[in-house]
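S.K.: For what it's worth, full-length UniProt numbering labels the leading residue of the sequence shown as 1, then goes sequentially.
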Amino acid sequence: MSLVTGDALSLLLFRLHSGRLLGINLLKVNEIIPCPALTKLPNRHPNVRGIATLRGAAMTVIDLARAIGERGAADEDDGCLIVTELSRSRQGLHVKSVERIVQCSTRDVRPPPAGSGARAFITGVTQIDGAIVQVLDIEKVLHDIAPALEEAPVGQLLDGQDARLLQGRRVLLVDDSQVALQQTLNVLRQLGLDCTAVRSAQAALQQLHEYHQAGMPFELLVSDIEMPELDGYSLVQEIRRSPDIADTYVLLHTSLDSTMNTEKARSVGANAVLTKFSSVDLSQALLDAFRQMSGQH
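#1: Looking at the structure shown, is Ile82 part of a helix, part of a strand, or coil, going by DSSP?
#2: Helix, strand or coil for Phe290? Go by DSSP, reduced to three states.
#3: Ignore the nearest five residues each way along the sequence and tell me which others in Gln134's own chain have a CB closer than 6 Å to its CB.
#4: For Cys195, list the residues DSSP reports as bridge partners.
#5: For a quick check, are the C-beta atoms of Val141 and Ile62 less than 8 Å apart?
#6: Near Ala67, what residues of its chain come up, given a Cβ to Cβ distance below 6 Å and the 5 sequence neighbours on each side ignored?
#7: Between the beta-carbon of Gly232 and the beta-carbon of Ala201, is there less than 8 Å?
#8: Does the pairing of the stretch 187-194 with the stretch 237-246 give three or more beta-carbon distances under 8 Å?
#9: One question on the structure: do Thr106 and Pro228 come within less than 8 Å of each other, judged by their Cβ atoms?
#10: What's the C-alpha gap between Tyr249 and Asp159?
#11: State yes or no: is the C-beta of Val174 within less than 8 Å of the C-beta of Ala204?
#12: Could you tell me the distance, in whole angstroms, from the CA atom of Met293 to the CA atom of Glu139?
#13: Buried or exposed, going by whether 16 or more other CB atoms sit within 10 Å of the CB of Leu26?
#14: Which two residues bound the contiguous alpha helix (DSSP H) that contains Ala131?
#15: Could you give the distance in angstroms between the alpha-carbon of Gly215 and the alpha-carbon of Leu208?
#16: Go ahead and pull the three-state DSSP assignment for Ser18.
#17: Suppose contacts are defined by Cβ-Cβ distances below 8 Å. Is Leu166 in contact with Phe277 by that definition?
#18: Looking at C-alpha atoms only, which residue of Arg90, Thr254, Val95, Gly69 is the closest neighbour of Asp78?
#19: Just grab the DSSP bridge partners of Cys35 for me.
#20: Locate the alpha helix (DSSP H) running through Thr184, then write down its first and last residues.
#21: How big is the Cα-Cα spacing for Glu219 and Val187?
#22: If you check the beta carbons only, do Ile32 and Ile82 fall under 8 Å apart?
#23: What are the boundary residues of the alpha helix (DSSP H) that includes Ile68?
#24: Decide if Thr53 is buried, meaning its Cβ has at least 16 other Cβ atoms within 10 Å, or exposed.
#25: Whose C-alpha, out of Leu9, Leu86, Leu93, is nearest the C-alpha of residue 316?
#26: From Glu150 to Ala163, what distance separates their C-alpha atoms?
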């Protein structure tokens, strides 16, 4: 049985100084470099080692071990940087070593074990060549260091007609990152939408079917892309193959930012794709969706 489009996942495996083995989605990685000289800023966050200059641009360097509750490296020359670009920002993750790139299926990535707790900083667990690999929740790491800037309450940005268009419309939200889930949920509720939130694509499918059978179908799904067991691309394909929910409007909301993701999202049947996280852009994307569904332009 062949894997559906979007089921393949490439992970960059790396180790912290404690020896802990972690993985990060390769699509979130720009490059791997030796740790350059750092500028130490006064009053910096304790999990930030300093600022590096990469090709003329400043970049925050995060001590990843400290950020997830472990002892950081004593010597900044000991290790390397994984340069990531996601959620509209670029940063370097200081780690002990990078091991290799592996291919797996999102279906082989299981949710974190029950009882992992809010400080686990992982979105899933898989097994590679007999070794347990934890998939890093980089969004949570970044949020703990620099919480999203408070923007004006988005509900105040709506005129009367737009507010009426959104009021009470039923939306399902799925995201495996608790931080991203809560950020998005806050915006949806400010817009007056009737929201339900779940943490996995399988749970989202179940909710879509159950609400449809109950005569209360969700009009719109806001979904993350990178999720354990079933990713956002595969979720869209499952929806489009199910006659009862096939016409659900799907907005893929992702920390990944590239033209490739947009093309792939369209190819599997998503209606739109948006990079996290801007409450204004998210509000506009939802307005566009409901205007389209209501025949407005």
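Note that beta-carbon positions come from the ideal geometry of N, C-alpha and C, so glycine has one too. Note that this is a predicted model, so its numbers are computed, not measured.
M.R.: Per the coordinate set shown:
#1: Counted from its first residue, the sequence shown places residue 82 at position 82. Ile82: strand per DSSP, three-state reduction.
#2: Numbered from its first residue, the sequence shown carries residue 290 at position 290. Residue state, collapsed to three classes: helix.
#3: In the sequence shown, residue 134 corresponds to position 134, counting from 1. Contacts found: Leu22, Ile122, Val125.
#4: Mapped onto the sequence shown, residue 195 falls at position 195. Residue pairing by DSSP places Cys195 opposite Val171 in a beta bridge.
#5: Start at 1 with the first residue of the sequence shown, and residue 141 comes out as number 141. Start at 1 with the first residue of the sequence shown, and residue 62 comes out as number 62. Yes.
#6: Start at 1 with the first residue of the sequence shown, and residue 67 comes out as number 67. Closer than 6 Å at Cβ, skipping near neighbours: Asn47, Val141.
#7: For the purposes of this step, residue 232 is identified with residue 232 of the sequence shown, where counting begins at 1. For the purposes of this step, residue 201 is identified with residue 201 of the sequence shown, where counting begins at 1. In this structure, Gly232 sits near Ala201, with a CB-CB distance shorter than 8 Å.
#8: Taking a contact to require three or more Cβ pairs closer than 8 Å, the stretch 187-194 and the stretch 237-246 do not qualify as touching.
#9: As a working note, residue 106 is residue 106 in the sequence shown. As a working note, residue 228 is residue 228 in the sequence shown. Yes, Cβ-Cβ distance for Thr106 and Pro228 is below 8 Å.
#10: Start at 1 with the first residue of the sequence shown, and residue 249 comes out as number 249. Start at 1 with the first residue of the sequence shown, and residue 159 comes out as number 159. In this structure, the straight-line span from the alpha carbon of Tyr249 to that of Asp159 is close to 23 Å.
#11: Here the question's residue 174 lines up with position 174 in the sequence shown. Here the question's residue 204 lines up with position 204 in the sequence shown. The criterion of a C-beta distance shorter than 8 Å is satisfied by Val174 and Ala204.
#12: Working through the sequence shown from its first residue, we reach residue 293 at position 293. Working through the sequence shown from its first residue, we reach residue 139 at position 139. Each residue's Cα considered, the two are about 31 Å apart.
#13: For this step, residue 26 is matched to residue 26 along the sequence shown. By the 10 Å Cβ count, Leu26 comes out exposed.
#14: Counting from 1 along the sequence shown, the entry for residue 131 is found at position 131. DSSP places Ala131 in no alpha helix (DSSP H) but in the uninterrupted beta strand (DSSP E) bounded by 131-136.
#15: The sequence position of residue 215 within the sequence shown is 215, counting from 1. The sequence position of residue 208 within the sequence shown is 208, counting from 1. The straight-line gap from Cα to Cα measures roughly 11 Å.
#16: On the sequence shown, residue 18 is found 18 positions in, with the first residue counted as 1. Correct three-state label for Ser18: coil.
#17: Here residue 166 refers to the residue found at position 166 of the sequence shown. Here residue 277 refers to the residue found at position 277 of the sequence shown. Not in contact: Leu166 and Phe277 (Cβ atoms no closer than 8 Å).
#18: Residue mapping note: residue 78 aligns to position 78 of the sequence shown, counting from 1. When only C-alpha atoms are compared, the closest one is Val95.
#19: Along the sequence shown, read from residue 1 onward, the residue named residue 35 stands at position 35. In DSSP, Cys35 forms no bridge with anything.
#20: Walking along the sequence shown from the start, residue 184 turns up at place 184. Start and end: 178-190.
#21: Against the sequence shown, residue 219 aligns to sequence position 219. Against the sequence shown, residue 187 aligns to sequence position 187. Looking at the two C-alpha atoms, the distance is approximately 17 Å.
#22: The residue you call residue 32 lines up with position 32 of the sequence shown. The residue you call residue 82 lines up with position 82 of the sequence shown. Result yes, Cβ atoms of Ile32 and Ile82 sit closer than 8 Å.
#23: The count along the sequence shown starts at 1 and reaches residue 68 at position 68. Per DSSP, Ile68 lies in no alpha helix (DSSP H) segment and is marked neither H nor E.
#24: Position 53 of the sequence shown, counted from the start, is the residue given in the question as residue 53. Thr53 should be labelled exposed.
#25: Outside the modelled stretch of the chain, which goes from 1 to 297, sits residue 316, for which no answer is possible.
#26: For the purposes of this step, residue 150 is identified with residue 150 of the sequence shown, where counting begins at 1. For the purposes of this step, residue 163 is identified with residue 163 of the sequence shown, where counting begins at 1. With a pLDDT of 47 at Glu150, under the threshold of 50, the predicted position of this residue should be treated as unreliable, though the coordinate-derived value follows. A direct Cα-Cα distance of roughly 21 Å separates Glu150 from Ala163.
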